[in-house]
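Residue numbers (the working numbering): 8 to 290.
See the structure below:
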């Protein structure tokens, strides 16, 4: 996805490229000898970079776009080339360089029409690595922060809606990792550690798809620790918000097997969640 300003520039460049290539050996050749980049104007270097990108050579394209910036730093082509280098690096999955050039664009051209796109590409440089980081969630948090900037700073841009969707996915991903670790502890009967993970989902990620299961696992963990009031309250919250969920059916059966019922009981942290639920302040 390219920024609107870049899209217009690309169309112009392609038109110019067609006319420039119509005769002789092309605008970058002297007979059979290639003209050094240092002797070329910004536009033909930019067009070479575009050609490399179209041929699938994103790494070479990024290098050429940066040559435009280096050799013609004060031209309008340099501004265009910097955002296109960011895009090319992202296409090449060189996320570190994509992030670096995106940040440089934002530093140099904060009010430019393609600033929103630069911020979006910066966010993608984190977001597109989420599934590669295992249990290290640092990149996920950074993706959330960068996506939030797109949403809040550029709410009317064409990237805001996509940023919102990706923010929700990243947020759900964090909750999923908490659940994964919580289940690991639960299987090993480390109930206190498991409860801490499931509690994080209920308190910090309650709008994600993992909340119903987190409440069920709390019921299991508290029953295993001999804390029935906490288990009853977790089940009551689950029933109030997700009564049609199969997780609630499982929680109800667990309590029923011990002659217990879902109800707010005791004064644990879950009682506060219950009160927020009743007041309509939770979820």
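Here a beta-carbon is modelled for each residue, glycine too, at the ideal position from N, C-alpha and C.
Item to complete: Taking residue 231 and residue 212 to be in contact with their CB atoms under 8 angstroms, please state how far apart those CB atoms are, rounded to whole angstroms.
Response: Actually they are not in contact, since the Cβ atoms of residue 231 and residue 212 sit about 23 angstroms apart, beyond 8 angstroms.
Item to complete: Tell me whether residue 159 sits in a helix, a strand or coil according to DSSP, three-state version.
Response: Here residue 159 carries a helix assignment [DSSP, helix/strand/coil].
Worksheet item: Is the CB-CB distance between residue 153 and residue 118 below 9 angstroms?
Response: no
Item to complete: For the alpha helix (DSSP H) containing residue 214, list its first residue and its last residue.
Response: That residue, residue 214, is in no alpha helix (DSSP H); it is neither H nor E in DSSP.
Worksheet item: Is residue 287 helix, strand or coil by DSSP?
Response: coil
Worksheet item: Which residue comes first and which comes last in the alpha helix (DSSP H) that contains residue 186?
Response: 167 to 194
Worksheet item: First and last residue of the alpha helix (DSSP H) that includes residue 132?
Response: Looking at the DSSP string, the run of the alpha helix (DSSP H) that includes residue 132 is 122 to 134.
Discussion item. So, for residue 290: in the same chain, excluding its five sequence neighbours on each side, which residues have a beta-carbon less than 8 angstroms away from its beta-carbon?
Written reply: Excluding residues up to 5 positions away in sequence, 213, 214, 218, 248, 284 lie with their Cβ nearer than 8 angstroms to the Cβ of residue 290 in the same chain.
Worksheet entry | Residue from 254, 242, 78 with nearest C-alpha to residue 46 | Checked all of 254, 242, 78; the closest Cα to residue 46 is 78.
Worksheet item: Looking only at its own chain, which residues have a Cβ that is under 6 angstroms from the Cβ of residue 225, when we skip the five neighbours before and after it?
Response: 205, 241
Item to complete: Report back the beta-carbon spacing between residue 71 and residue 59 to the nearest angstrom; my notes put them in contact at under 8 angstroms.
Response: 6 angstroms
Worksheet item: Apart from the five residues on each side of it in sequence, which residues of its chain come closer than 7 angstroms, Cβ to Cβ, to residue 106?
Response: Correct list, in chain order: 129, 132.
Worksheet item: Measuring CB to CB, does residue 95 end up less than 9 angstroms from residue 56?
Response: yes
Worksheet item: Quick one: what does DSSP say residue 79 is sitting in, helix, strand or coil?
Response: In the three-state DSSP reduction, residue 79 falls in the coil class, being neither helix nor strand.
Item to complete: Using the Cα positions of residue 48 and residue 184, report the straight-line distance between them to the nearest angstrom.
Response: Taking the straight line from one Cα to the other gives about 51 angstroms.
Worksheet entry | Other residues of its chain near residue 246: CB distance less than 6 angstroms, five sequence neighbours each side excluded | 255, 269
Discussion item. On the CB-based measure, 16 or more other CB atoms within 10 Å of its CB, does residue 81 come out buried or exposed?
Written reply: exposed
Fill in: Rounded separation between residue 151 and residue 177 - CA only
7 angstroms
Discussion item. Quick check: the Cα distance between residue 155 and residue 264, rounded to an integer number of angstroms?
Written reply: 45 angstroms
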